[in-house]
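Be aware that the sequence shown starts at 1177, since it is given in the working numbering, and climbs by one per residue.
We treat Cβ as the ideally placed atom computed from N, Cα and C, and that holds for glycine.
None of these values were measured; they are calculated from a predicted model.
Only one structure is covered here, and it is reproduced in the block below.
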Amino acid sequence: MSEHNCNQDLVSDKAENQIGFSIKAFKIILNLSENPYPRGYDKVEGKDNQLRLWIDSNYRILYEVVSNKSRIDIVAIRLKGEGTYK
1177 MSEHNCNQDL VSDKAENQIG FSIKAFKIIL NLSENPYPRG YDKVEGKDNQ
1227 LRLWIDSNYR ILYEVVSNKS RIDIVAIRLK GEGTYK
C-alpha cells in the first residue's frame, strides 16, 4: 500500500468518525425535545438554568430548558476541558 493510500484511509476514517459523532449529537439534541431531562443529565455548577449531557467521554452538550419545557436552547457542544463551562 502506498503512502498516499494510507493518508487517504486516515482522512476517510477521521471523516467517518466525525460524521458518526455529528449524527449521535444530532439524535441526542432531537431527543431533548421529547425529554429535556434524560438519564445522565446534570446541572452545570454556577449556572442557574444550564444543564449538560455527555455525548461521549470527551464532548458535552450544554443546554437550557426555557419556559416550562416549551423551548430548549443549545448553548454549546464542547470538548471537555478547563474552558468547557465558561
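Taking DSSP as the reference, what is the three-state secondary structure of residue 1210? Position 34 of the sequence shown, counted from the start, is the residue given in the question as residue 1210. Correct three-state label for residue 1210: helix.
Check whether the region 1195-1203 touches the region 1214-1228, taking contact to mean three or more Cβ pairs, one atom from each stretch, closer than 8 Å. no
When the Cα atoms are used, what is the spatial distance from residue 1208 to residue 1191? Here residue 1208 refers to the residue found at position 32 when the sequence shown is read from its first residue. Here residue 1191 refers to the residue found at position 15 when the sequence shown is read from its first residue. Those two C-alpha atoms are separated by around 26 Å.
Cutting at 6 Å between CB atoms, please list the residues of its own chain near residue 1228, excluding the five before and the five after it. As a first step, residue 1228 must be located in the sequence shown, where it is residue number 52. Excluding positions up to five away in sequence, the list reads 1218, 1220, 1236 and 1238.
The beta strand (DSSP E) spanning residue 1228 covers which residue range? Numbered from 1 along the sequence shown, position 52 holds the residue referred to as residue 1228. Residues 1226-1230.
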